[in-house]
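Chains as they are written, first to last, in this note's numbering: chain B, 1 to 416; chain F, 417 to 781.
Even glycine gets a Cβ: it sits at the ideal position worked out from N, Cα and C.
Remember, predicted model here, so these are calculated numbers, not experimental data.
Some notes on the structure that comes next.
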Amino acid sequence: MTKNKILSKAKMPFCQGCGHGIIVRNIAKAMEQLGYTKHDTIIVSDIGCSGLVDPLFDTHSIHGLHGRAPALGVGVSLGLDNRDKKVIIIQGDGGVTIGLQHVLEAARRNIDVTLVVMNNLLYGMTGGQISGLSTQKFKEQKNFEVDVPPFEIVKLAHASGAAYSARATSIKTYTEVLKEAIEVNGFSIVEFSSLCTSYAFKKLDELQEVFEEAEVYKNERIPVKAHRNEKSSLLDRLQRIESDFDSKVKNKIGVVLAGSAGGGVQSAAKLLATTGMFSGLHSTMKGEYPVTVGTGFSIAEVILSKTPVNYTGLEEPDVVIVVSEDGWDKVKGNITEKSIVIMDNSLKNEETENINDKTVFGDFNRKAGKRGAALAALGYWLQDSGTMDVGALKKSVSSHKYSTVLLKAIDAGLEI
Amino acid sequence: MVFTDASMLITEACVKAGADVFIGYPITPSNRFYQYGTQRFPSFLAGPDEITVMQWMAGFSAAGKFPVSATAFPGLALMTEGLNMAYAMELPMLLILTQRLGPSTGSATTGAQGDLMFLNGAISGQYPIPVFSHSDFKDSWEMTYEAIKTAIKFRTPVVLLTSKELVMTNKSFDLSTLKAIEPIEKFSTSVVEPYKPYKTGKEMVPPYIPLGDDKYQVRINASTHNDAGLIKKNDPESMANTKRLKEKFEKRIDEITFFDFDDQKGAQKLIVTYGISADAARDAVNDLRNSGEKVSLLIVKTMIPVPPKVMEIMNRFEKVIFVEENIGGIYKEIIYGNNCPKKVSSVNKIGSLISPSEIVKAVKK
């Protein structure tokens with residue numbers, strides 16, 4: 001590999017004596033010694049004093065938001081085709097605090113990036129406030145939030161699955177620790193202590209007194225990459241439906257199916273819609289159910305029409321099929337005098353019997369089971385009204401995964 | 417004929433147009449985009465939250481991959497920080513926003529058209545983020561393509577605005593009516609030398625070259641930056657670069673102007689609508705014309721920025737009726753502000769679809 005200068009000629013923007021410049025120089029040195037060039041190095045920077053680093057690296061760079069650099073860097077790393085490129089993320093202790101989730105997520109996935117944490121124990125740009133990584137000893141000196149322990153980011157990253165997590169405390173070790181971290185194939189994090197001469201300490205030995213000791217942890221893991229698999233068209237996988245049957249639908253009709261979750265209402269409605277298509281009609285279908293999909297009501301609205309359907313609302317349904325109490329509670333308000341109502345026998349009571357004079361009761365639940373009741377009632381209605389050929393319904397079912405079971409439910413309805 | 421839904425058509429159109437990766441965080445009513453995304457996109461990632469999703473999208477885009485995600489307002493609220501970042505960085509991506517009833521978590525399974533006002537101000541400083549809407553299956557296909565094309569051509573995030581019933585209602589559909597979609601060329605083929613990451617020519621859009629390029633040194637920046645992509649505040653170059661974020665859309669607005677205008681000769685009344693309310697408006701217009709009423713229909717698809725051509729049409733009519741499924745007419749307020757002229761009225765509703773008869777009644781009044 002060709003020797004290349006990673007460090008630019010730009011002047012360090014940091015306060016006199018600030019530790020950030022030392023860390024920057026060591027990152028550049030480590031990359032240079034490992035043979036990386038300007039075109040295969042990508043610096044991802046955060047907000048705060050550590051976010052001023054872009055011009056210091058004569059490489060690719062991307063400067064994002066406070067705390068988000070690890071997530072942004074993960075995106076960059078996963079998006080790169082050339083996996084020999086190296087993504088170095090730089091952020092401060094404030095950035096780690098606000099975006100902790102991103103660090104843990106990158107570690108959990110063991111994404112191939114190196115995260116350099118420049119911990120100066122505080123927020124330097126806003127007046128020296130303490131962060132989630134301010135050490136206990138530092139907070140005691142400041143006499144601020146001493147009862148709240150800091151995050152141990154090196155241990156947290158390790159516990160989350162990082163391939164390499166370390167804290168470096170001696171300047172002499174910086175380059176070597178960084179080289180080790182950068183060479184790791186996977187997520188590596190190195191936390192450095194950095195002197196903030198404006199708000200913390202003027203001397204390095206004072207800083208060393210409050211900073212935690214050096215440590216290194218490793219996980220033997222393969223990094224997670226973004227896999228690329230070309231897949232077939234979703235539209236090519238759809239069933240092609242040609243009109244084979246006639247229907248008695250004059251203009252359009254709206255059908256509501258109402259039951260309980262898990263009762264096959266949505267599936268029966270879809271079969272009704274495709275039955276319409278086999279019968280030369282245009283159809284629409286929409287379902288409604290509570291967010292807890294496995295319990296409570298399940299309603300489906302189907303419109304069958306000679307012409308394409310624009311508006312899919314169904315204020316006054318022509319046909320209402322109800323097979324459970326949950327369904328009844330939900331649709332009873334929409335039934336008009338003109339609605340044909342097909343209901344399960346179990347719902348027979350004073351209220352349901354007097355809803356209008358077009359209500360028919362059948363033993364759908366008992367004959368077809370809870371899961372087949374809606375489909376059985378549908379079959380019953382088609383046969384009774386002659387709206388569409390039952391053959392079209394059976395054709396709809398024929399390509400279904402559970403066609404045998406569904407056909408049984410339809411036949412149960414036809415026998416009623 | 418097939419029986420399908422707009423979520424599927426949009427997903428398919430994304431991949432056909434060249435989208436590389438779907439980064440999802442599940443939310444109702446964008447569920448089907450997530451489901452179809454796993455089945456169709458070349459790459460799929462499950463983000464741990466919407467803030468991360470937007471950052472990953474930006475990272476992928478900066479590395480030269482076109483990302484797509486789909487969310488609803490609660491997710492958009494978290495993504496807005498990253499959306500501003502990607503906008504300032506000028507990173508192409510598509511965000512599908514399925515509207516549901518708000519405010520806050522509202523009703524996850526009830527549709528709405530309530531998010532346009534937020535999107536109109538989503539980028540701090542009056543910078544327009546392109547927002548497209550679709551009104552039927554044909555649009556689902558074509559506007560998705562146009563949204564991705566716009567994102568790449570203008571190097572910008574684009575929002576495809578939809579709502580629950582538009583993308584979760586199945587319909588019979590003839591696929592042969594759809595135009596073929598070819599992959600869109602992502603990267604700039606001609607670069608003005610010497611290359612600077614944010615230096616632009618008369619098209620006002622910087623060349624799109626991914627991070628890690630072997631020839632050019634790419635610098636991407638969300639803070640106020642100069643042509644070199646480095647933080648620089650209050651100097652003429654950086655200010656020009658910032659103003660350009662608005663000007664690139666204003667000067668080239670005709671390239672991203674999309675609407676359907678069904679003009680009836682002699683009509684003095686105009687119905688203006690978009691998205692899910694367009695279907696009811698189409699039926700209402702048929703009913704009105706059948707009853708002898710003269711009425712024109714404007715279905716807007718470029719919601720933001722507001723195209724001058726759309727306003728020109730509205731200006732021609734003596735009565736303009738806005739139809740939107742929200743509490744007081746958001747698009748109307750974007751066009752006319754709080755000082756609405758007398759000729760403008762609106763049909764609004766929350767909690768359920770606006771019906772054709774409600775529109776007919778308002779037009780006849």
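Residue i in three-state terms, based on DSSP
i: B:V302; result: strand
i: B:E230; result: coil
i: F:N447; result: helix
i: B:H66; result: coil
i: B:M277; result: helix
i: B:M1; result: Here the model assigns B:M1 a pLDDT of 44, short of 50, so the residue's position is not dependable, and the following value carries that caveat. Here B:M1 sits in coil by DSSP.
i: F:M501; result: helix
i: F:K758; result: coil
i: F:E740; result: strand
i: B:E215; result: strand
i: B:V44; result: strand
i: B:S283; result: strand
i: F:T566; result: helix
i: F:M559; result: helix
For residue j and residue i, believed in contact at Cβ under 8 Å, the rounded distance
i: F:D703; j: F:P772; result: 6 Å
i: F:S446; j: F:T514; result: 4 Å
i: F:V688; j: F:V779; result: Not confirmed; about 12 Å, so no contact.
i: F:T468; j: B:A71; result: 5 Å
i: F:L686; j: F:L661; result: Incorrect: roughly 32 Å between the Cβ atoms, too far for contact.
i: F:P613; j: F:R635; result: 5 Å
i: F:D436; j: F:P483; result: 7 Å
i: F:R668; j: F:Y624; result: With 8 Å as the limit, F:R668 and F:Y624 do not qualify as a contact, their Cβ atoms being about 16 Å apart.
i: F:F589; j: F:V739; result: Actually they are not in contact, since the Cβ atoms of F:F589 and F:V739 sit about 24 Å apart, beyond 8 Å.
Residues that DSSP places opposite residue i in a beta bridge
i: B:A319; result: It is Val, not Ala, that sits at residue 319 of chain B in the sequence shown. Answer by DSSP bridge pairing, in chain order: B:V255, B:I340.
i: B:A10; result: Per DSSP, none; premise fails for B:A10.
i: F:L461; result: F:I439
i: F:P573; result: F:M509
i: B:E191; result: B:V117, B:R167
i: B:G362; result: B:D344
i: F:D703; result: Bridge partners of F:D703: none, in fact.
i: F:F548; result: F:L576, F:T718
i: F:N637; result: B:H63
i: B:N185; result: According to DSSP, B:N185 bridges with nothing at all.
i: F:N586; result: B:M285
i: B:V87; result: B:I42
Cβ pair residue i, residue j closer than 9 Å
i: F:K725; j: F:I597; result: no
i: F:G475; j: B:G79; result: yes
i: F:Y752; j: F:V763; result: no
i: B:G287; j: B:A268; result: no
i: B:D93; j: B:N120; result: yes
i: B:S198; j: B:G124; result: yes
i: B:G19; j: B:L234; result: no
i: B:N354; j: B:S339; result: no
i: B:D112; j: B:K225; result: yes
i: B:V44; j: B:I62; result: yes
i: B:I42; j: B:I182; result: no
i: F:I672; j: F:T566; result: yes
i: B:D58; j: B:S8; result: yes
i: B:T190; j: B:A168; result: The sequence given here places Val at residue 190 of chain B; Thr does not occur at that position. Yes, Cβ-Cβ distance for B:V190 and B:A168 is below 9 Å.
i: F:I443; j: F:L499; result: no
i: B:A107; j: B:G161; result: yes
i: B:K5; j: B:K38; result: yes
i: F:F674; j: F:F548; result: yes
i: F:K587; j: F:D421; result: yes
Proximity test, residue i beta-carbon vs the ligand FAD heavy atom, cut-off 8 Å
i: B:S233; result: The model on display carries no ligand, and the ligand FAD is accordingly not part of it.
Open item on the list: Closer than 8 Å is the cut-off here; do at least three beta carbon pairs connect the region 597-609 of chain F with the region 41-60 of chain B?
Closed with: no
- [ ] Would you check if there are 3 or more beta carbon pairs closer than 8 Å linking the region 256-264 of chain B to the region 323-333 of chain B?
- [x] yes
Task: Meets three-Cβ-pair contact criterion under 8 Å: the region 631-651 of chain F and the region 659-673 of chain F - done: no
- [ ] Evaluate contact between the region 389-396 of chain B and the region 243-251 of chain B, counting only Cβ atoms and requiring at least three cross-stretch pairs below 8 Å.
- [x] yes
Open item on the list: Counting beta carbon pairs with one atom in the region 577-584 of chain F and one in the region 529-544 of chain F, are three or more of them shorter than 8 Å?
Closed with: yes
TODO: Say whether the region 133-146 of chain B touches the region 206-226 of chain B, bearing in mind that this needs 3 or more beta-carbon pairs closer than 8 Å, one atom from each stretch.
DONE: yes
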